Every structure is written in C-alpha cells, then in structure tokens.
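> In the working numbering, the protein residues as written are 20 to 307. If you scroll down you'll find the structure; I have some questions about it.
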C-alpha cells in the first residue's frame, strides 16, 4: 500500500479526496492541515516524510484569500511559492511523486479561446503571481512534478460560490451577479477523482514521462450570472437574479474576465472522463 500525503486536508479538495479515496484502497491517504504539518517549515517536512515513508504528495494547501493577498504578499508567497519549493525538494529526496494544485489566475483573462498549458501566463494579482511562482519552482526543481491548474472550485464543503449563493437566495429577494466574467465551474469531487486516477496511472506506468502542467475543470463554459441562475433553478429558489458588470463590484485583486481551460492534454494523457459542469452541479447539490 502506498502512503499518499494530502496537504490542506481540511479544505474543499482535501475533504473531497477523503470521499474519493474509497475507490482506491491501494492508497493510504494521510490527511494533514496546518495544525498537523507546517509545510512552510522544511524541518517539519523532513521529519514527517521520514516518519511516514511517503510515496506521493497531493498539495492542496494554498493561500487562497485573493483580495487579502494584495496587502499580504509575504504570506501569499510563503505558502504558494516557498512551501511548494520545499515540498518539491523533500519529495525529490524521498523519490515521491508530487502533484501540485494551481489556478486559472496565472492567466490575464484577456484571451477569448480556451487557455492551453503552453499559452503565455500573465497574472494580474498577487495571488496569481504567487501561484505561478510556485508552479515554476516545483517543476524547475523536479520536472517529474505534475501541476494541475483548475478554476471556480466548489463542493459540499467549506466556503464557495454554490454554498454562498444558496445562503443569499434564502436571505434576499433580489441578487446581483456579474455576467462579464466567463469560465468553468469545477466540482471538487470530480477533481479529486481525477487526481487519484493520475496517481494510479503513474503507478501503472512508472517509466512514462508525465511531469508538467495540466488543466482540469469541468466541461462547458458559463458566466457567474448563469452559474447563479442555474443554482436558483436547481434549488427552486425564488430570488430574482440580476446580471451586472464587474465594474459594479470593486475588488482589491483583478479577476480574469475569461479563464476557460483547455483540457485536451489531461484527457489524452491519462484517459480521464470529464463531466459537464451542470451535471456535476446537480450531483453536488444532491449530496448537500
């Protein structure tokens, strides 16, 4: 049985990995969060890896407070860059596969066709810049690292757009949601299953060259407004949802206006089936 370290175990993706792990009994997933393992401390990482014989690590830990990062650059880079470099170093020393989760925020959002892994990056925020630096550090230190960029993550857990919309629709008669930002929601349960599939594929093909950047979100394209309208329809809410432009909501950090990800590479490399975003939203809402 392989020991798989999951950092950020209490987050959306970490908790979704707990659910998905039942289908992979050959993996012993070790879930940690900041209280159990400080990934910003190289000595703590070294002690943990030595004590637990880690075979692979899925790094779900991240500084994700996008707006706060604009005034907290040091901590954003500490967790999204320096800690990732330390993980890459310790994984390499122990011959452990590292899978690192990244974001669509590494792109400018000024494109109008789905972003591929080879498109130019141009983050418009501290959060995006720190995540891009983490990607480069991990792959630069060990080219066998697998980086998976995702977008608009939601689940039954923690704080996310779907849960927040449900709360607001119970509280308000009218709700404004931006319609000029396009992307694709990602159900964390689907992403978790894909990550474990990748680990199994790697185990079955030990000599394959698989390192690099991959994109994963659900299939399809929508706006935050249409996403909210769909949540309203599927939950039979009566709130009136109104479309507004993003300039009506001033935020500290810029959001990509377009962040649809091209998933051809991850589909072709690992043979992963990617569900349509609305179908996955239905599945998530049933589980709530």
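For glycine and all other residues, C-beta sits at the position ideal for the given N, C-alpha and C. Keep in mind that this is a model prediction, so the values were computed, not measured.
Quick one: is residue 275 buried, meaning 16 or more other Cβ sit within 10 Å of its Cβ, or exposed?
Residue 275 is buried by the Cβ-count criterion.
> Suppose you measure from the CA of residue 126 to the CA of residue 102; what does that come to, to the nearest Å?
One C-alpha to the other measures close to 22 Å.
> Taking the continuous alpha helix (DSSP H) assigned at residue 259, which residues delimit it?
Premise fails: residue 259 lies in the beta strand (DSSP E), 259 to 263, not in any alpha helix (DSSP H).
> Under a three-way DSSP split, which group does residue 143 fall into?
Coil.
> For residue 99, count neighbouring Cβ atoms within 10 angstroms of its own Cβ and tell me buried if that reaches 16, exposed if not.
Buried.
> Give me the Cα-Cα distance between residue 166 and residue 76, rounded to the nearest whole angstrom.
Rounded to the nearest angstrom, the two C-alpha atoms are 12 Å apart.
> Quick one: give me the first and last residue of the alpha helix (DSSP H) that residue 189 is part of.
First-last of the alpha helix (DSSP H) with residue 189: 180 to 190.
> Provide the residue span of the alpha helix (DSSP H) that contains residue 46, from first to last.
Where residue 46 is concerned, there is no enclosing alpha helix (DSSP H), although the beta strand (DSSP E) it sits in stretches over 46 to 50.
> Can you give me the Cβ contacts of residue 96 inside the same chain, cut-off strictly under 6 Å, excluding the 5 residues immediately before and after it?
So the qualifying residues of the chain are 149.
> Can you tell me which of the three DSSP states residue 130 falls into?
Note: residue 130 maps to coil in three-state DSSP.
> From this set, 109, 54 and 48, which residue's C-alpha is nearest residue 65's C-alpha?
Of 109, 54 and 48, the residue nearest in Cα terms is 109.
> With DSSP collapsed to three states, give me the class of residue 122.
Residue 122: strand per DSSP, three-state reduction.
> Tell me the rounded alpha-carbon separation between residue 226 and residue 291.
Approximately 19 Å, taken between the alpha carbons.
> Might you give, ordered along the chain, the residues of its own chain that have their beta carbon closer than 6 Å to the beta carbon of residue 157, omitting 5 neighbours on each side?
Only 103, 107, 119 and 164 meet the Cβ criterion.
> Give a yes or no on whether the C-beta atoms belonging to residue 50 and residue 30 are separated by under 8 Å.
No, these two residues do not count as a Cβ contact at 8 Å.
> If you measure between the beta carbons of residue 154 and residue 105, is that distance less than 8 Å?
Taking 8 Å as the Cβ cut-off, residue 154 and residue 105 do not qualify as a contacting pair.
> Let me confirm a value: residue 175 is counted as buried when at least 16 other C-beta atoms fall within 10 Å, else exposed. Which label applies?
Answer is buried; the Cβ neighbour count reaches 16.
> Sorted by chain position, which residues of the same chain lie with C-beta nearer than 6 Å to residue 27's C-beta, five sequence neighbours on each side aside?
So the list reads 33, 79 and 80, once near-sequence residues are dropped.
> To test your reading of the DSSP string, which unbroken alpha helix (DSSP H) runs of 4 or more residues are found completely within the segment 200 to 265?
Those alpha helix (DSSP H) runs which fall completely within the segment 200 to 265 and span 4+ residues are 207 to 223 and 243 to 254.
> DSSP three-state label for residue 56, please.
Residue 56: coil per DSSP, three-state reduction.
> On the criterion of 16 or more Cβ atoms from any shown chain inside 10 Å, does residue 48 qualify as buried, or is it exposed?
Classification of residue 48: buried, given that the 10 Å Cβ count is 16 or more.
> For the segment 54 to 102, which segments carrying the beta strand (DSSP E) assignment without a break, of at least 3 residues, lie completely within its bounds, in sequence order?
Fully enclosed beta strand (DSSP E) runs of 3 or longer: 75 to 78.
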